[in-house]
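Data block below; observations after.
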Amino acid sequence: MSRYRKVAITLHWLMSLMIVGNLLGGFLHDLVPRENGQRAFVMMLHTSFGLTIIALTLVRLGWRLANPPPALPDYFTGGERLLARAAHWAFYIAMLALPLTGWALTNRNDRPLLFFGLFEVPKFGLDTLTARSFGEIHETLGWVMVALLALHIIGIIKHHMMDRDNLMPRMGIGRQRG
Ligand code: HEM
Ligand code: HEM
14 MSRYRKVAIT
24 LHWLMSLMIV
34 GNLLGGFLHD
44 LVPRENGQRA
54 FVMMLHTSFG
64 LTIIALTLVR
74 LGWRLANPPP
84 ALPDYFTGGE
94 RLLARAAHWA
104 FYIAMLALPL
114 TGWALTNRND
124 RPLLFFGLFE
134 VPKFGLDTLT
144 ARSFGEIHET
154 LGWVMVALLA
164 LHIIGIIKHH
174 MMDRDNLMPR
184 MGIGRQRG
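Under my numbering, think of the first position of the sequence shown as 14, with each following residue one higher.
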């Protein structure tokens, strides 16, 4: 097997969109005006997609344990293998730690946490000060996620342009090269 399966590919791209959207929404929400609840709406999307990411990461990890990924190409050096594995696991850790610290942060006020406006999600019952500390961690992890994404994209571009290999087709983009 030389490529990821459809389930892994679908989850990868769906979650990439949600995570990039949440990074933008998180860092840039101050630019959205407060009038007519516009900023509150953006944050409702942020928290709801964030909670969805926790659920999807658990599904994705479970699916991955049952369906191991395709082996890395033979010509990968020991160092490259280690870097790729470390970066992928760091992503999975960040995909859980980032939304969980965001969830803890919502305890900074008494506003209800609504899932896409449909129903209320319980909070952790933390005091305001502790919640704010989680906010600091949430922000730092946001930057960690940006750094991981930069490393990931640089790695993929290097393999695509310089090694001219098949990493993109493994993740469902383009045809396999001979
Ligand atoms: C925040 C967004 C992203 C996250 C969290 C993410 C996460 C991951 C993870 C965890 C894997 C390893 C899958 C596994 O073995 O379980 C992976 C593989 C991959 N990602 Fe991403 N990714 C993101 C965005 C992107 C983007 C923008 C690209 C395109 C440039 C990309 C291209 C790939 C490719 C080609 C692979 C397969 C690498 C291989 O064959 O081993 N990813 N990604
Ligand atoms: C992978 C998912 C998530 C990502 C990538 C993400 C990213 C971010 C980022 C980058 C910030 C800006 C930090 C700053 O500059 O201070 C932020 C703020 C925030 N996030 Fe998240 N977040 C995620 C999930 C969540 C979840 C699940 C919740 C709550 C249930 C949440 C609640 C918040 C709140 C309340 C803020 C503060 C907004 C403000 O300053 O008023 N986040 N998030």
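The C-beta atom is built at its ideal place from N, Cα and C for all residues, glycine as well.
Since the structure is predicted, the reported quantities are computational estimates derived from the model, not experimental observations.
- Nearest to residue 136 by C-alpha distance, out of 148, 117, 153, is 117.
- Residues of the same chain with a CB within less than 6 angstroms of the CB of residue 134, apart from the 5 flanking positions on each side, are 126, 128 in chain order.
- Remark: C-beta atoms of residue 119 and residue 151 do not approach each other more closely than 7 angstroms.
- Distances from the CB of residue 169 to the heavy atoms of ligand 1 include at least one below 6 angstroms.
- Approximately 7 angstroms separates the beta-carbon atoms of residue 111 and residue 155; this is inside 8 angstroms, confirming the contact.
- DSSP places residue 139 in no alpha helix (DSSP H); its state is neither H nor E.
- CA-to-CA, the gap between residue 88 and residue 176 works out to about 10 angstroms.
- DSSP places residue 40 inside the alpha helix (DSSP H), whose first and last residues are 19-41.
- When only Cα atoms are considered, residue 66 and residue 124 end up about 21 angstroms apart.
- With a cut-off of 6 angstroms, the C-beta of residue 133 is classified as distant from ligand 2, since no heavy atom of the ligand falls inside that distance.
- Within the segment 84-125, the complete alpha helix (DSSP H) segments at least 4 residues long are 91-118, listed from N- to C-terminus.
- Rounded to whole angstroms, residue 90 and residue 97 show a C-alpha spacing of 11 angstroms.
- Between the C-alpha atoms of residue 109 and residue 70 there is a straight-line separation of about 7 angstroms.
- Of the other Cβ atoms in all chains shown, 16 or more fall within 10 Å of the Cβ of residue 21; this residue is therefore buried.
- Relative to the Cα of residue 139, the nearest Cα in the group 153, 131, 121 belongs to 121.
- Remark: the C-beta of residue 82 is in contact range of ligand 1, defined as less than 6 angstroms to any heavy atom.
- Only exposed fits residue 174, as fewer than 16 other CB atoms lie within 10 angstroms of its CB.
- When beta bridges are read from the DSSP output, residue 134 appears opposite 126.
- Using a 10 angstroms sphere on the CB of residue 35, the tally of other CB atoms reaches 16 or more, which defines it as buried.
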